[in-house]
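Engineer: Those protein sequence lines, which keep their order, are chains A and B.
End of the first sequence sits at 219 in my numbering; the numbers just go up one at a time, nothing left out.
End of the second sequence sits at 489 in my numbering; the numbers just go up one at a time, nothing left out.
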Amino acid sequence: MSADLYTRLATLASSLVLLSGIAILWRHSLQAYIASFARQSLLFVMAILIVAVGEKDPRLYGMALMVFALKVVFIPRVLRRVQRHVGAEMEIHPYVNTPVSLALAGVLTLLAYAVAQPVVALSEAPTRGGIPLALAVVFVGLLILVSRRSALTQIVGFLVLENGIALLAVLVTSGVPLIVELGVFLDVLLGFLVMQVFVSRIRETFDTIDVDRLRGLRH
Amino acid sequence: MILPILLVLPLLAAAMALLRKPDHPLVARAGAALSGVTFALALVLARRCLTRGAVAFGPGAFLRADSLSAILTLIVSGVACVSIGSGVNALRHGTGENGPIDDALRRRYHVLTHLFVFTMLLAVLANNVGVMWVAVEATTITTAFLVGVRRSKAALEASWKYILIGSVGIALAFLGTVLGYFNFVQRVGQTPYALHWTVLKGVAAGLDGDVLRLAFVFILIGYGTKAGLAPMHTWLPDAHSEAPAPISAMMSGSLLAVALYAILRWKTVVDACVGHAFTDRMLLLIGTLTVTVAATLLIRQASYKRMLAYSSVEQMGLVCVGLAFGPAGTLAALMLMIGHAAGKSMAFLLSGNLLAAYGSTRIASVRGVLRVMPWSGGLFMIAILALMGLPPFGIFLSEMLLVRAGFLSGHPWATGLVLAMVVVIFVSLLAHLQRLPYGEPPHEVPRGEPDRSSLPPLALNLVVLLALGLVVPAPLLRLLGRAVEVVSR
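1) Using CA atoms only, rank isn't needed, just tell me which of B:Ala171, B:Lys153, B:His233, B:Ala295 is closest to Arg215 of chain A.
2) Roughly how many whole angstroms lie between the Cα atoms of Leu111 of chain A and Thr11 of chain A?
3) Thinking C-alpha only, which one of B:Ser488, B:Pro457, B:Asp451, B:Leu465 is nearest Phe39 of chain B?
4) At what residue ranges does the region 343-420 of chain B contain a whole run of the alpha helix (DSSP H), taking only runs of 4 or more?
5) Given a threshold of 16 other Cβ atoms within 10 Å of its Cβ, counted over all protein chains shown, does Ile299 of chain B qualify as buried or as exposed?
6) Which residue marks the beginning of the alpha helix (DSSP H) containing Val55 of chain B, and which one marks its end?
7) Tell me whether Asp187 of chain A sits in a helix, a strand or coil according to DSSP, three-state version.
8) With burial defined as no fewer than 16 other Cβ atoms inside 10 Å of the residue's Cβ, what is the status of Trp197 of chain B: buried or exposed?
9) Which of helix, strand or coil does DSSP assign to Asn163 of chain A?
10) With DSSP run on the structure shown, which of helix, strand or coil describes His114 of chain B?
11) State yes or no: is the beta carbon of Gly469 of chain B nearer than 8 Å to at least one beta carbon in chain A?
12) Pull up the CB-CB distance for Leu200 of chain B and Gly180 of chain B, whole angstroms please, since I reckon it's below 8 Å.
13) To the nearest angstrom, how far is the alpha carbon of Thr95 of chain B from that of Leu68 of chain B?
14) Which of the three DSSP states is assigned to Asp210 of chain B in this structure?
15) With 7 Å as the C-beta to C-beta threshold (strictly closer), list the residues of the region 256-280 of chain B near chain A in chain order.
16) On the three-state DSSP scale, how would you describe Ser254 of chain B?
17) At the level of alpha carbons, what is the spacing between Val313 of chain B and Leu43 of chain A?
18) Alpha carbon to alpha carbon, how far is Ile209 of chain A from Ser150 of chain A?
19) Hey, does Gly216 of chain A have any beta-carbon neighbour from chain B nearer than 8 Å?
20) Is there a C-beta anywhere in chain A that falls below 8 Å from the one on Leu220 of chain B?
21) Go ahead and pull the three-state DSSP assignment for Met282 of chain B.
22) Answer yes if the region 343-363 of chain B comes into contact with the region 282-296 of chain B, meaning at least three C-beta pairs across the two stretches below 8 Å, and no otherwise.
23) Please list the partners that Asp208 of chain B has in chain A, where partner means a Cβ-to-Cβ separation under 8 Å.
24) To the nearest angstrom, how far is it from the Cα of Glu137 of chain B to the Cα of Arg371 of chain B?
25) Does the structure place the region 255-270 of chain B close enough to the region 122-132 of chain B that three or more beta carbon pairs sit under 8 Å?
26) Thinking C-beta only, is Ser2 of chain A closer than 8 Å to Ser20 of chain A?
27) At 9 Å on the CB atoms, spell out the chain B contacts of Met195 of chain A, in chain order.
28) Could you tell me whether the Cβ of Ile2 of chain B comes closer than 8 Å to any Cβ of chain A?
29) According to the neighbour-count rule (16 or more other Cβ atoms, all chains shown, within 10 Å of its Cβ), is Trp160 of chain B buried or exposed?
30) Strictly under 8 Å for the Cβ-Cβ distance: is Glu162 of chain A near chain B by that measure?
31) With the cut-off set at 8 Å, would you say Ile71 of chain B and Ala332 of chain B are in Cβ contact?
32) Does the structure place the region 117-124 of chain A close enough to the region 171-188 of chain B that three or more beta carbon pairs sit under 8 Å?
33) Along the chain, which unbroken stretches of the beta strand (DSSP E) at least 3 residues long are found entirely within the region 65-91 of chain B?
34) If you drop the 5 nearest sequence neighbours on each side, which residues of the same chain put their C-beta closer than 7 Å to that of Ala46 of chain B?
35) Using a threshold of 8 Å, state whether the C-beta atoms of Thr460 of chain B and Val203 of chain B are closer than that.
36) Cβ of Ile247 of chain B less than 8 Å from any chain A Cβ?
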């Protein structure tokens, strides 16, 4: 793979990861959110593989495999099960409507370019074009989290944010040291499992997963 | 060898709670005993750090303790020892709103409590800032169930907010960690110990300032979320007020301090690269904001547990402000951390007794505490007076030192603002709590201490509060001095 092709592919994969994150903002059904997240994770796996080939780093193949098992297969499956279990179908009345959400996503992407500037300037990696895009994924994840009312969508937002950070780590340094990588994986897995347990409990206790109803505790 | 043993003890306690029947008296007692041993070992560790400077263990000094980690280890294990010892009966008679607290729940409670202590100890003893991050994140996971153990609507709401906001915050701290690592790799190259903070600090002068500043912003927001700094503090009053008393005590007394410790570790790296003006400015900004927000929200508080939680927000803000005031301020901040750990864990543990007797966390429904339970009530008031910053307790002295450091380091305006807020908080706490001890208690409240066994461990808190305020013991002062050197050199 020539250096030029490598750069182009890495940037392309990063932009697709961002696009699949933004897609969540204009969909309304929870099923579509979960599907978008699974698609984003698959694209992220592609990005890892591209960097693995480009950097000739065998460690990254292992990482790609782990991400695939966790974020493309396992987490979407659990999410679908929870979604069937709680019986929620649609994200209704988000705090921010679709056109404004999309406009905000655009603004956040620009912001990501501004914020990432010193990082891009320092980086000599051929993949540096993707750095602002990865940061934009983080911001879009945050936007999903704060602008949507379903507890399940908030989990998806968190997972998108997490994908963005992991993508950034792969792009800038081909991932963090192994021990930290494993720790992060374990934390994401356990954190996700705890969250999905709470979604079921919220459904059982409140008869809804609309977190706007969770306002018993105020100052 | 002392470092791995410190980490193994809570794991051992967790394993025991997992294997034994949860209502077996051995589980709670042995757990309390093991946490006592952990605290004793922490004292030994502090001594060794004084004589040798730093203690390390494992390949590339995987675990490492200097005076700063030693202080945090003392805080974590001390608060754990008191909380677990005092909370032996915490769940024995409790019932949740959705049915009684059964064996499975009780087992989970004990196991997770010890794992929680383990993750905090790992966070302060790990040399690798990545492992430190993993450990801090793990504290969120272990405590999420503990906050929601009562299964009431309020507890569920609190734990959902906690795990979501906590996870997002900590994810941003990881982003900062990645940026720091990238900075290192770009300038120095891939080495196996690149994320060890001793290594990071050693080469910090050659790192890129702009990227490191950006990393610090993410780290401050991220770990700041866990430390309850405004405006990311919103989860804290909910989680701290809904959790069972021993968990509130540990989350407030030690977990907040651990999160600030993580910020402090990174501050030393960033300072070595771009000088301390940048991090000081950020800490001063977020610290004054936090103190102001806490003061505003404390004015109209109806629940004594939430009041304690907002007071924690205030104190963490004060610690941040202190850290921005140079070495003298850092000394005051570390003292305040210790004083807060002792005072707040004591207040939260006793609030458990108040709740058990009165069945409500509303200040308005609690009257005549001194008549109902003279010991718990009296000690609760003492803890509150200490937290308000009255002499002869340690928090008074640390706040005086902090204000002095503020004026001497040339921040008269910020110091004045903080001082005004401390006075506002003082008045609010006094106004809210003056009716608690006296008056006619409601008829249905049974007279007498709800749980006598919860009181003796609190002697440790009293000793610490008084010692810090009257005569700081010479070894502790030396330890604090060394820790200040670690931070500001």
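Built from N, CA and C at the ideal position, the CB exists for glycine as well.
All values derive from a computational prediction rather than experimental measurement.
Structural biologist: Taking the definition as stated:
1) When only C-alpha atoms are compared, the closest one is B:Lys153.
2) Straight-line Cα distance between these residues: approximately 18 Å.
3) Restricting attention to B:Ser488, B:Pro457, B:Asp451, B:Leu465, the CA atom closest to the CA of Phe39 of chain B is found in B:Pro457.
4) 369-372, 374-388, 394-408, all fully within the region 343-420 of chain B.
5) Burial call: exposed.
6) If you look at Val55 of chain B, you'll find it isn't in any alpha helix (DSSP H); it sits in the beta strand (DSSP E) that goes 55-57.
7) In this structure, Asp187 of chain A counts as helix in the three-state DSSP scheme.
8) Label assigned to Trp197 of chain B: buried.
9) Correct three-state label for Asn163 of chain A: helix.
10) Reduced to three states, the DSSP call for His114 of chain B is helix.
11) Interface annotation, Gly469 of chain B: not in contact with chain A, CB-CB separation never under 8 Å.
12) Contact between Leu200 of chain B and Gly180 of chain B is confirmed by a C-beta separation of about 7 Å, below the 8 Å threshold.
13) Note on Thr95 of chain B: pLDDT 46, under 50, position unreliable in the model; no value is reported.
14) In the three-state reduction of the DSSP assignment, Asp210 of chain B falls in the helix class.
15) Listed in sequence order: no entries.
16) Ser254 of chain B: helix per DSSP, three-state reduction.
17) Going by the C-alpha atoms only, they are around 41 Å apart.
18) Answer to the nearest angstrom: the Cα atoms are 6 Å apart.
19) With 8 Å as the cut-off, Gly216 of chain A counts as an interface residue toward chain B.
20) By this cut-off, Leu220 of chain B is not an interface position.
21) The answer is helix: DSSP assigns Met282 of chain B an H, G or I state.
22) Using a C-beta cut-off of 8 Å, the region 282-296 of chain B makes no contact with the region 343-363 of chain B, since fewer than three inter-stretch Cβ pairs fall below that distance.
23) In chain order: Pro118, Leu122.
24) One C-alpha to the other measures close to 43 Å.
25) Contact holds between the region 122-132 of chain B and the region 255-270 of chain B, because three or more Cβ pairs, one in each stretch, are under 8 Å apart.
26) It is not a contact, given that the beta carbons lie outside the stated cut-off.
27) Those are Ala144, Trp160, Ile163, Leu164, Ser167, listed as they occur along chain B.
28) Ile2 of chain B does not count as touching chain A.
29) A residue is called buried when at least 16 other Cβ atoms come within 10 angstroms of its Cβ; Trp160 of chain B meets this threshold and is buried.
30) Residue-level contact check: Glu162 of chain A touches chain B, since one or more beta carbons of chain B fall below 8 Å from its beta carbon.
31) No; because the gap between Cβ atoms is not below 8 Å, this pair is not in contact.
32) Yes, the region 171-188 of chain B is in contact with the region 117-124 of chain A.
33) Counting only unbroken stretches of 3 or more residues, no beta strand (DSSP E) element lies wholly within the region 65-91 of chain B.
34) Short of 7 Å from the beta carbon of Ala46 of chain B, and not among the five residues preceding or following it, lie these beta carbons of its own chain, in chain order: Ala70, Leu74, Leu479.
35) Residue identity check: residue 460 of chain B is Leu in the sequence provided, not Thr. Not closer than 8 Å, so no.
36) For Ile247 of chain B, the answer is no, since every Cβ of chain A falls outside 8 Å of its Cβ.
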